[in-house]
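Enquirer: Numbering (full-length UniProt numbering), first residue to last: 1 to 454.
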């Protein structure tokens, strides 16, 4: 996930948590307020009913009820139960009708109303004393209007919460987008810098913030890299010429010495050794220079669009010239129907050298047993599979086969310098590809190469 989206998501989660906490608190206090208001209204009606019940004058009793009906009205499912003092039968009847906690009944008369809620029904218990008489009034009602208000508030809070989350996420993404705009600009500039244009630099704005410091640091790194590349490039270009000249002279002098008729046997052996070692040194030097050049010199390489199947055919022809007795076969049965999926972007000479090295390596270490090359493709890569029946590679050494000059412990009887596979690996990496190796000792090795489709 991009950092921009992470910031927007974290901002949304944080804001959502705050909004949710406020919504819960608002819902709680609103519920308590509505409940308190309804209990108060029920207590007022219960008090009027109690005084009316204790009033001996019937005309005054009518006045109580008239005031209640005119100014207060009835609550939904309002019901009052009056228990006269010491009317134990009435107390048992009411307790049977209203199965509430015993504490509700025992708390009545402690100079405060007793409240209790069960489901959507609210209960109030009052002790009324009037004209020397006492009665207990237990009233109940259902707050339908309050419940509707709570339901409406709940829906309003839920919808508001969801809308707020959407607005917060949108605003957070816009905000983080503006913050990371300079970073995206740096990424675009960096993606445009390669070995072909190491002189290019990032645009630095004099804002003295973290982004400008990052750009300055990257430019400083590019300065050091450009200097290093130039030094290495000059070394490889010059060394390639400087090494070949003395090696050619040594080889020529050794051949000239061997052609002398009066040469003693000891001298002839010495000249033969010098000639062979000069050839070996020349081959080793050329391999080392090729290996070094694939690591950094991308300026001289011409990249084109090429088809892997045609490249592998050219590799087979090159192997035939070097090792005529090879048993390399190419399997075309897995080729994709769409030919465009076989096209890669790269340098033909380098890729040909890479695959030739791998195939020759397979032929050499399998004592010229059959080597099968198959070509296939997936959505993103062209895949070249090279399978041999050779001596294999020990498990503990597979991870080191692409290290320059490394040779597996079971390759003692085979001539080599440990450069071919590292060279091939570097070339594949230059083309943004990868190589997977699977091997079993005395059964064979499989090289699977992945190159991105152009």
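Where is the CB? At the ideal position from N, CA and C, for every residue including glycine.
Which one of 390, 330, 361 has the shortest CA to CA distance from residue 376?
Expert: If we check each option's Cα against that of residue 376, 330 comes out closest.
Enquirer: Using the Cβ count rule (16 or more neighbours within 10 Å means buried), how would you classify residue 52?
Expert: Residue 52 should be labelled buried.
Enquirer: Taking Cβ to Cβ, would you say residue 424 is nearer than 8 angstroms to residue 354?
Expert: Yes, the pair counts as a contact, with Cβ atoms nearer than the cut-off.
Enquirer: Any idea what DSSP makes of residue 261, helix, strand or coil?
Expert: Three-state DSSP puts residue 261 in coil, outside helix and strand.
Enquirer: Would you mind working out which of 413, 134, 349, 14 sits nearest residue 305, comparing C-alpha positions?
Expert: Ranking the options by Cα distance to residue 305, first place goes to 349.
Enquirer: Give the straight-line distance between the Cα atoms of residue 255 and residue 307, rounded to the nearest whole angstrom.
Expert: In a straight line, the C-alpha of residue 255 is about 44 angstroms away from that of residue 307.
Enquirer: CA-CA distance, residue 12 and residue 165?
Expert: About 6 angstroms.
Enquirer: Residue 437: which of 384, 410, 454 sits nearest, CA to CA?
Expert: Cα-wise, what sits closest to residue 437 is 384.
Enquirer: Using DSSP with H/G/I as helix, E/B as strand and the rest coil, what is residue 42?
Expert: DSSP places residue 42 in helix when its eight states are reduced to three.
Enquirer: Does the separation of the CB atoms of residue 445 and residue 392 fall below 8 angstroms?
Expert: Against a cut-off of 8 angstroms, the Cβ pair of residue 392 and residue 445 comes out as a contact.
Enquirer: Return helix, strand or coil for residue 201, following the three-state DSSP convention.
Expert: Coil at residue 201, not helix or strand.
Enquirer: Got a sec? Which residues, its chain only, sit under 7 angstroms from residue 80 by beta carbon, not counting five neighbours each side?
Expert: Cβ neighbours of residue 80 beyond the five flanking positions: 46, 49, 137, 139.
Enquirer: Whole angstroms are fine: how far does the CA of residue 122 sit from the CA of residue 141?
Expert: Near 6 angstroms, if we compare the C-alpha coordinates of residue 122 and residue 141.
Enquirer: By DSSP, does residue 164 sit in helix, in strand, or in coil?
Expert: The answer is helix: DSSP assigns residue 164 an H, G or I state.
Enquirer: By how many angstroms is the C-alpha of residue 452 removed from the C-alpha of residue 433?
Expert: Roughly 6 angstroms separates the two Cα atoms.
Enquirer: Helix, strand or coil for residue 357, going by three-state DSSP, please let me know.
Expert: The answer is helix: DSSP assigns residue 357 an H, G or I state.
Enquirer: On the DSSP bridge list, what partners appear for residue 449?
Expert: Answer is 384, 435, bridged to residue 449.
Enquirer: Thinking residue 27 and residue 154 are a contact (beta carbons under 8 angstroms), I'd like their distance in whole angstroms, please.
Expert: Sure, about 7 angstroms apart at Cβ, within 8 angstroms.
Enquirer: Along the alpha helix (DSSP H) that carries residue 421, what are the first and last residues, could you check?
Expert: Per DSSP, residue 421 belongs to the alpha helix (DSSP H) from 420-430.
Enquirer: So is residue 361 buried or exposed if we call it buried at 16+ other beta carbons inside 10 Å?
Expert: Residue 361 is buried by the Cβ-count criterion.
Enquirer: Does the Cβ of residue 447 have 16 or more other Cβ atoms within 10 Å, making it buried, or fewer, making it exposed?
Expert: With 16 or more Cβ atoms within 10 Å of its Cβ, residue 447 is classed as buried.
Enquirer: Measure the Cβ-Cβ separation of residue 104 and residue 119 and say whether it is below 8 angstroms.
Expert: No; because the gap between Cβ atoms is not below 8 angstroms, this pair is not in contact.
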